[in-house]
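Since the structure comes first, as structure tokens, the remarks are kept for the end.
Residue numbers (the numbering used here): -11 to 323.
Written out as structure tokens, the structure reads:
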């Protein structure tokens, strides 16, 4: 297949690109290489696959409607995987319009490209943050998600609704994946794991929000990638049992599906930090702080649909995942 991956210089996008190239697919990557965080890391990710014969890389922005339209027309993609987004819950409070440009305008341009060029399947990144004020655990893709607590989450919820409208109007198969706290080698410097690791090595205090009471469904990058790979080859189909009198948010009479993709084994933040301390062989200096605006207390993914439909089996435990991360971190940053 010929596959477009947006956000191909990103943490998940680059890792997915490598796996698809290993499978012999033709991959076109798009990324704007913005300066939200150190662009050198983005360059290092792309360097792992830039020279592969089945890969081509385009530096452009999703909000550039004319260029995105041309890329679609020139390439005739079979499948599109939209991973490009302005990331970060807390940054969305500081710079909301960046999220509108990338996550809404950019996604609309992707939908239009799929619509006019007969793309067979659009897979796109949503987020566990859409669950917002929901407290029932584990989070189910069959539950309503009407109360996001950050603009980032609201844009991801909007992406799901935008995708549904195109599935309904144009019979475009769309599959949304709600990622749950992805971590591992080459992850973002603004994420907790890199911040904690760097601070511990430098004997600086780490900031622990919500006084350490957070629980997160930490999911290792390799497990996420294997899940995406499974989904790519099985486009969403209409649900024969869908009923508008009792609408299921996770499916539709249109070719539209929503899945949670996570480890389904939430870990207390303090246990996560302890695993990092053990891997580094060094204790952290801890600064306990209140919960931050936009944060949710706990995430726990109900992945039963992904297991049933795709035989999805995450297998990387926290110790193994963090050990792999620390090995990469020390090598990449030369500690």
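The beta carbon of each residue, even a glycine, is placed where N, CA and C say it ideally should be.
Backbone secondary structure at residue i - three-state DSSP
i: residue 65; result: coil
i: residue 298; result: helix
i: residue 331; result: This structure leaves residue 331 out entirely; the chain is present only between -11 and 323.
i: residue 44; result: strand
i: residue 84; result: helix
i: residue 22; result: coil
i: residue 107; result: coil
i: residue 55; result: helix
i: residue 89; result: helix
i: residue 118; result: helix
i: residue 132; result: coil
Opposing strand residues paired with residue i [DSSP bridges]
i: residue 268; result: Note: residue 268 sits in no beta bridge, so no partner.
i: residue -7; result: 17, 69
i: residue 164; result: 112, 246
i: residue 289; result: 127
i: residue 170; result: 207
N- and C-terminal bounds of the alpha helix (DSSP H) containing residue i
i: residue 99; result: 94 to 104
i: residue 150; result: 139 to 158
i: residue 27; result: 27 to 35
i: residue 284; result: No alpha helix (DSSP H) holds residue 284; DSSP gives it neither H nor E.
i: residue 311; result: 306 to 320
Start and end residues, beta strand (DSSP E) containing residue i
i: residue 274; result: 273 to 276
Evaluate contact between the region 313 to 321 and the region 274 to 291, counting only Cβ atoms and requiring at least three cross-stretch pairs below 8 angstroms.
no
Taking 8 angstroms as the cut-off, does the region 238 to 252 touch the region 122 to 129 (at least 3 CB pairs, one atom from each stretch)?
At 8 angstroms Cβ cutoff, the stretches touch.
Which runs of the beta strand (DSSP E), 3 residues or longer, sit entirely within the region 189 to 262?
Segments of the beta strand (DSSP E) lying fully in the region 189 to 262: 193 to 196, 244 to 249.
If contact is defined by three or more beta carbon pairs under 8 angstroms, each pair taking one atom from either stretch, is the region -7 to 0 in contact with the region 62 to 74?
yes
Pair every Cβ in the region 78 to 90 with every Cβ in the region 101 to 115, then say whether three or more of these pairs are closer than 8 angstroms.
Cβ pair count under 8 angstroms is below three, so no.
Contact between the region 280 to 290 and the region 202 to 213 is defined here as three or more beta-carbon pairs at a separation below 8 angstroms; is this criterion met?
yes
The region 89 to 105 / the region 141 to 151 touching (three or more Cβ pairs under 8 angstroms):
yes
Is there contact here, the region 133 to 144 with the region 254 to 265, by at least three beta-carbon pairs under 8 angstroms?
no
contact_flag[the region 186 to 206, the region 224 to 243] where n(CB pairs < 8 angstroms) is 3 or more
no
Meets three-Cβ-pair contact criterion under 8 angstroms: the region 210 to 217 and the region 156 to 170
Touching, per the Cβ criterion.
Answer yes if the region -2 to 10 comes into contact with the region 27 to 43, meaning at least three C-beta pairs across the two stretches below 8 angstroms, and no otherwise.
Yes, the region 27 to 43 touches the region -2 to 10.
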